[in-house]
Amino acid sequence: MKFIDEYLSDIKDKGLYRELKFFNRPQSKYTSIGNKRMLLMASNNYLDLCNDDRLKDAAEKAIHTYGVGSGGSRLTTGSYELHDQLEKKIAIFKGTEAAILFNTGYMANIGTITAIADKEWIIFSDALNHASIIDGCRLSGAKIVVYKHCDMDDLQEKIKVYKGNKRFIVTDGVFSMDGDIAPLDKIVKLAKENNILTMVDDAHGTGVLGDNGTGCVEYFNLKGQVDIQLGTLSKALASEGGFVAGTKSLVTYLRHKARSFIYSTALSPAMIAVSLCSLDIVKNEKERRVKLLENSKWFQWELRKLGFNVLESNTVIIALVIGNAEKTIKLSEKLFEKGIFISAIRPPTVPEHTSRLRITLMSSHNREELKYVLDKLKEAGMELGII
Ligand code: PMP
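In the UniProt record's numbering, the protein residues as written are 1 to 387.
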C-alpha cells in the first residue's frame, strides 16, 4: 500500500525508523543479543529482579497449582484467589483501602481515565505525561487542558480559566523519559484548594522512591491525599500488570466501568505470583533502592563532568540529551559495539530536537561497570563531537 511505503520511507529519511532487538538471555544487568554479551543500561528492571530465583520459583509453583492461562476475564472465569491476594497486598503497600488490577499500566490508564471522565469533564494534564495517559484522556472525550511540564504557575492559571465541578489533574509521578519527579505536594495543594480530583501514574516511582519503596506519594508524605494512585508491576517489580489503588468505592466503580478491566483476559496466575513475591522483596530489601539512587546521583555527576547535557533527576532514569536524532542513534550504536546497551529515544516519544539516550540503572550495577560505561561514552561522545 502506497501510504504505508511513503510513511516508512519518510521516517527512514528522518532517522526515526525503529528496529527490534531480540534478547536471548534473561533480562539482567548482563544479557545477550545474538552472540554478543551486553551490559544493559536501558531496562526498567530497576531492582534487577527479572531473573531472580525467588520470583521464578513463585511463577513455577503457581503454574503447577493453577496452570498457565487464566481462562477468562476477571468478571467471568479469570479471577483466582491469587488475584484477590495481590489486590489486597497492593492496597496495603500503597496505603489505600483497596486496589484493582489491570493487565498492563497502559490499560490501567486508559480504563481508569475513560471510566471517570467524559465530555462534561476537564482534565489538566502535564505536557510530558506518558502516552497511555494521553490516550486515556483523548478516548474519554473530556476537554484536555495541557499545562507546561511541572509548571505550577501555569497549572494555577489554567485552573482559574477552566472552571467546573468535574475536573481532575493527572500526572506521571516520575516522568519516564526525563526522570524528574512531579511536584505532587504542590499539585495536591492546588487540587484541594480548587476541589479537583488528583491522579498520579507512578509507574517509575513504585518500588524505587520513598523510605518503603512505595513511590511518589510516600516520597512527598502525602498518604491518603491523592485520589487515584496508578502504577505498574512491570518495572521495578519485574512482573506484568497495572493497578489502581484508592478507596473501596473507586475500586468497585472501576470494576464496573473500566472497559479495559472488563473486556480483557485476566493476568495469568504465574505473573500474579511473581508480583506477590516481588512486593515482599521491595519491602525487605531496602538496600537495593538505596544503592540504586546513590549510583544514579554519582553517575549523573560524572556525566556532567564529562560535558554531557544531563537533565536533573532524583530517580534512576537519566536523560542524556543530544538533540539530533541521527547523532543520538550513532552514539547508541557506538556503545552497542562496545557491549553496552542504551536505547536512543527519538520523537514522537520525546519532543522534536530533544532526542536522547535514556540511561537507566539497576541496583546490581557496580561502580566498575559504571566507570566502563563512562569511559566508552566519553570516547564516543568525543568522536561524534557531542562533548
Ligand atoms: N505509565 C508510564 C509513566 C510508563 O512509563 C509506562 C510504561 N512505559 C506505562 C504507564 C505503561 O505501563 P505498562 O508497560 O505496564 O503497560
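Idealized CB from N, CA, C, for every residue including glycine.
Buried versus exposed call for residue i [16 or more other C-beta atoms within 10 Å across all chains shown]
i      : result
His130 : buried
Leu8   : exposed
Lys235 : buried
Asn109 : buried
Ser132 : buried
Ile4   : exposed
Arg356 : buried
Asp53  : exposed
Arg87  : Per the sequence shown, residue 87 should be read as Glu rather than Arg. Result: buried.
Glu218 : buried
Met382 : exposed
Ser260 : buried
Leu20  : exposed
Tyr263 : exposed
Trp121 : buried
Asp201 : buried
Gly385 : exposed
Opening and closing residue of the alpha helix (DSSP H) in which residue i lies
i           : result
Phe3        : Lys2 to Asp13
Gly111      : Gly105 to Ile116
residue 388 : Limits of the chain in this structure are 1 at one end and 387 at the other, which puts residue 388 out of reach.
residue 427 : Any question about residue 427 goes unanswered here, given that the chain covers just 1 to 387.
Ser332      : Ala325 to Glu337
Host beta strand (DSSP E) of residue i (start-end)
i           : result
Ile63       : Note, Ile63: premise wrong, no beta strand (DSSP E); alpha helix (DSSP H) at Asp53 to Tyr66.
Phe102      : Ala98 to Phe102
Arg367      : No beta strand (DSSP E) holds Arg367; the alpha helix (DSSP H) holding it covers Arg367 to Glu383.
Asp154      : Taken as a continuous stretch (DSSP letters only), Asp154 belongs to no beta strand (DSSP E), being part of the alpha helix (DSSP H) at Met152 to Val161.
Leu230      : Ile228 to Thr232
Lys36       : Lys36 to Leu40
residue 389 : Nothing can be reported for residue 389, as the shown portion of the chain is limited to 1 through 387.
Phe243      : Gly242 to Gly246
Thr171      : Arg167 to Asp172
Tyr30       : Tyr30 to Ile33
Ser343      : Ser343 to Ile345
DSSP state of residue i mapped onto helix, strand, coil
i           : result
Phe23       : strand
Phe308      : coil
Ala127      : coil
Ile196      : coil
Ile272      : helix
Arg289      : helix
Ile387      : coil
Ala91       : helix
Thr252      : helix
Leu357      : strand
residue 388 : Beyond the ends of the chain as shown, which are 1 and 387, falls residue 388; an answer cannot be given.
Asn145      : Rather than Asn, the amino acid found at residue 145 in this sequence is Val. Correct three-state label for Val145: strand.
Phe175      : coil
Ile318      : strand
Ala191      : helix
Ser132      : helix
Ser73       : strand
Same chain, Cβ closer than 6 Å to residue i, neighbours up to 5 away in sequence not counted
i      : result
Leu377 : none
Gln225 : Val188
Lys257 : Ala115
Val251 : Ala98 and Ile100
Close beta carbons around residue i, own chain, < 8 Å, minus the five adjacent residues each side
i      : result
Leu292 : Tyr46, Leu47, Val208, Val316, Leu361, Met362 and Ser363
Gly246 : Thr96, Glu97, Ala98, Ala99, Asp227, Ile228 and Gln229
Met177 : Leu128, Ile317, Ala319, Ile345, Thr349, Val350, Arg356 and Arg358
Ala273 : Ala58, Ala59, Lys61, Ala62 and Leu82
Ala42  : Phe341, Ile342, Ser343, Arg358, Ile359 and Thr360
Residue i Cβ short of 8 Å to the ligand PMP heavy atom set
i           : result
His204      : yes
Ser132      : yes
Met271      : no
Leu233      : yes
Ser176      : yes
Gly111      : no
Met199      : no
Asp211      : no
Gly179      : no
Asn44       : yes
Tyr219      : no
Asp172      : yes
Leu215      : In the sequence as displayed, the identity of residue 215 is Gly instead of Leu. The answer is no for Gly215.
residue 392 : There is simply no residue 392 to check, as the chain begins at 1 and stops at 387 in what is shown.
Thr265      : no
Thr104      : yes
Val107      : For clarity, residue 107 is Met in the given sequence; the question names Val instead. Yes - the ligand PMP has a heavy atom lying nearer than 8 Å to the Cβ of Met107.
Glu6        : no
Glu120      : no
Gly241      : yes
Minimum Cβ-Cβ distance from residue i to chain C less than 9 Å
i      : result
Ser260 : You won't find chain C in this structure, because it holds only one protein chain.
Cβ-based neighbour list, residue i, same chain, cut-off 7 Å, excluding 5 preceding and 5 following
i      : result
Gly69  : Ser268
Gln156 : Leu190
Val22  : First, the residue type needs correcting, since residue 22 is Phe and not Val in the sequence shown. Correct list, in chain order: Ile33.
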